[in-house]
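Residue numbers (the numbering used here): 103 to 442.
What follows is a set of notes on a single structure, which appears directly below.
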Amino acid sequence: MIAGGRTPDLLYTPVLATQRYANMDLLLDVSGDLKEEKDDFLPSALVSVKNGDKVVGVPYFTDSIAVFYNKDLFEKAGVKVPESIETTWNWEEFAAAAEKVKSANNLKYGVSTGSDVSQFLPFLYQNKGTVLSEDQKSAGINSDSSIESIEFFKSLFDKGLASKESFIGSEKSDELFKQGQLPMVITFSGLINSFEKDIQGFEYGVTYLPKKEVTATKLGGANIVSFNETKHPKEAVKLMKYLTSEEKMAEFAAKEGVVPTRTSAQESVDYGAIDEGMQTIINEINSVPEFAVKDFSIPEYLGYKSILTSEMQSVILGEKSPKEAAESMEKQINNSVLKK
Numbered sequence: 103m104i105a106g107g108r109t110p111d112l113l114y115t116p117v118l119a120t121q122r123y124a125n126m127d128l129l130l131d132v133s134g135d136l137k138e139e140k141d142d143f144l145p146s147a148l149v150s151v152k153n154g155d156k157v158v159g160v161p162y163f164t165d166s167i168a169v170f171y172n173k174d175l176f177e178k179a180g181v182k183v184p185e186s187i188e189t190t191w192n193w194e195e196f197a198a199a200a201e202k203v204k205s206a207n208n209l210k211y212g213v214s215t216g217s218d219v220s221q222f223l224p225f226l227y228q229n230k231g232t233v234l235s236e237d238q239k240s241a242g243i244n245s246d247s248s249i250e251s252i253e254f255f256k257s258l259f260d261k262g263l264a265s266k267e268s269f270i271g272s273e274k275s276d277e278l279f280k281q282g283q284l285p286m287v288i289t290f291s292g293l294i295n296s297f298e299k300d301i302q303g304f305e306y307g308v309t310y311l312p313k314k315e316v317t318a319t320k321l322g323g324a325n326i327v328s329f330n331e332t333k334h335p336k337e338a339v340k341l342m343k344y345l346t347s348e349e350k351m352a353e354f355a356a357k358e359g360v361v362p363t364r365t366s367a368q369e370s371v372d373y374g375a376i377d378e379g380m381q382t383i384i385n386e387i388n389s390v391p392e393f394a395v396k397d398f399s400i401p402e403y404l405g406y407k408s409i410l411t412s413e414m415q416s417v418i419l420g421e422k423s424p425k426e427a428a429e430s431m432e433k434q435i436n437n438s439v440l441k442k
C-alpha cells in the first residue's frame, strides 16, 4: 500500500521500519505535538523516532534480549543470580555461574542462545562496541572492543558452555529450556508469556545479562507514525496520543508481555503472574545506552544482519578467528550495505 503511494492515517510499525519511512520523507513531523509528554518517554525509545531535528512518531512499546533461568537448577548448584542492575555479573562471573550450574546438575550446557545474531549484540554493546561507526557512514565492527566481544562470545561455545547447534539453528534452545535441559537461555524477552504458559515441573525466572564496560541489551519494539499525505493530521495525532497514553500503553503492555516506553506506564502496569520477571526486563531496558539503540534502529540493520549472522556462525564453528570475521564484516558492510 505504501509502495503504491497510498498511505494510512496511522501506522503501527516496527522500530526498524520507522527510519526507512523517515528517510523517504514520508512521515508527519509531530515534534510540536509531544512537548508535554516528551519527558515521560524513555530517551532510548525516542532515539528510534528522531530523524534529524524532527520527531516522526511516538514510541509504542519496546522489548529486548533477556536471560531466563531455571530456578530449581540454580538452587541445586547453590548459585544466586544478581538481584539488581547494580550487582549484575561481569563476563567472567557470568561464565563461571554457567559452568557451576552445568556441572552441579550434570547438564550438557550451562547457557544457550538461539540462532538470531541479535542475541550476540548485547555482548557487543556491553563492551562499547558497535557494528557501525559513530556517524553511521562506515563499519565500526573491526575495532578492539568489538573483537574482544566476539572473542568472549566465542569462548562460551569453545568451553562447551553454550550450544553451537542452537546458534546455527539446528537445535531450538527455547524448547530445550522449557524441557528443563538448559539452566539459562539468552533469548527474546517477548517469550515470557510462552514460558509462563508452557513450563511445567520447575520454576523459571529472569535475571540480568552480564556487563563489561556498560549494561546493555538489544532492543526491539514498535512505534506509531502518521504520514505527510494524511488528510486528517490533527485527528491522526489525537489518536496517536490516545493510544500511547499512560493508561492505554499500560493496558497493551500487560496483555502482550512487552515494556511501555513511558515511565508513568511502567510504574502503573500490572503484569500479573509475570510481573517479577517483567520488572527485571524493565530495569535492564531502562539502562540501555543510547549509542546501542542508534546502532541498530536504522534501515541498514536489515542489510548488515545477514552479514553478521554468516560471519558469527563461521567464528562459532571455528572456521574464522574473531579478527578475520571482523575484517570480513567491515569490508562487506562498507561495500554492500553502505556502498562505500
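C-beta atoms are modelled at their ideal positions from N, C-alpha and C, and glycine is treated no differently.
Predicted model, so just to flag it, every value in this text is computed and none were measured.
Residue i versus the options, residue with shortest Cα-Cα distance
| i | options | result |
| --- | --- | --- |
| E177 | G307, G359, N437, V360 | G307 |
| K173 | V439, S265, S133, E305 | E305 |
| L263 | V158, L136, Q221, K202 | K202 |
| I400 | G154, D131, P285 | G154 |
| T120 | L440, E386, V327, T382 | V327 |
| T411 | S430, D397, G212, A338 | S430 |
| L118 | K433, Y406, E426 | Y406 |
| E413 | I187, A375, Y403, E432 | E432 |
| K256 | S296, G420, Q434 | G420 |
| D377 | K140, E298, F398 | E298 |
| N330 | Y373, V417, P116, A124 | A124 |
| V158 | V181, G134, I167 | G134 |
| N295 | T232, A324, Q238, G379 | G379 |
| V219 | L345, V417, N437 | V417 |
| L234 | F398, E348, Q302, S389 | F398 |
| E348 | S389, S186, L144 | L144 |
| L136 | S272, F259, T346, L175 | T346 |
| T190 | S389, G303, I409 | S389 |
| D237 | A375, K396, N437 | K396 |
| E138 | V160, A338, E273, V213 | V160 |
| Y211 | S275, K156, L113 | S275 |
| I270 | Q221, D300, T232, K280 | Q221 |
| F259 | K280, K343, S214 | S214 |
| K140 | K343, Q281, K442 | K343 |
Close beta carbons around residue i, own chain, < 6 Å, minus the five adjacent residues each side
| i | result |
| --- | --- |
| Q368 | P362, I384 |
| W193 | F254, P312, K314 |
| E402 | V439 |
| Q415 | I270 |
| T332 | D111, A338 |
Three-state secondary structure assigned by DSSP to residue i
| i | result |
| --- | --- |
| S214 | strand |
| N186 | A small correction: the amino acid at residue 186 is Ser; Asn does not occupy that position in the sequence shown. Coil at S186, not helix or strand. |
| K230 | coil |
| A168 | strand |
| N436 | helix |
| N153 | strand |
| M126 | coil |
| Y373 | coil |
| G379 | helix |
| P424 | helix |
| T120 | helix |
| L209 | coil |
| Y310 | coil |
| L284 | coil |
| P362 | strand |
| I400 | coil |
| T411 | helix |
| N325 | strand |
| F269 | helix |
| A199 | helix |
| P145 | helix |
| F290 | strand |
Cβ neighbours of residue i in the same chain (closer than 7 Å, five flanking residues each side left out)
| i | result |
| --- | --- |
| A428 | I243, N244, S248, I249, I252 |
| K230 | S247, E315, V316 |
| T309 | V169, Y171, V183, P184, T382 |
| V181 | A199, K202, V203 |
| F196 | P312 |
| K156 | D131, S133 |
| P116 | A324 |
Contacts around residue i, its chain only, beta-carbon distance under 8 Å, and the 5 residues preceding and following it disregarded
| i | result |
| --- | --- |
| H334 | D111 |
| R108 | none |
| F163 | G323, A324, M351, F354, A355, E358, V360, V361, P362, T363 |
| N207 | L175, K178, A179, P285 |
Rounded distance between the beta-carbons of residue j and residue i, thought under 8 Å
| i | j | result |
| --- | --- | --- |
| D131 | T365 | About 24 Å separates the two Cβ atoms, so there is no contact after all. |
| S268 | S217 | 7 Å |
| Q302 | L209 | About 19 Å separates the two Cβ atoms, so there is no contact after all. |
| S166 | I387 | 5 Å |
Proximity test, residue i beta-carbon vs the ligand MN heavy atom, cut-off 8 Å
| i | result |
| --- | --- |
| V157 | The ligand content of the structure shown is nil, which means the ligand MN is not present either. |
Taking contact to mean at least 3 C-beta pairs separated by less than 8 Å, is the segment 284 to 293 in contact with the segment 157 to 176? yes
Report yes or no: do the segment 222 to 229 and the segment 313 to 329 share at least 3 C-beta pairs separated by less than 8 Å? yes
Validate contact between the segment 345 to 352 and the segment 255 to 271 using beta carbons, cut 8 Å, 3 pairs:
no
So does the segment 134 to 151 actually touch the segment 369 to 376, counting three or more Cβ pairs closer than 8 Å? no
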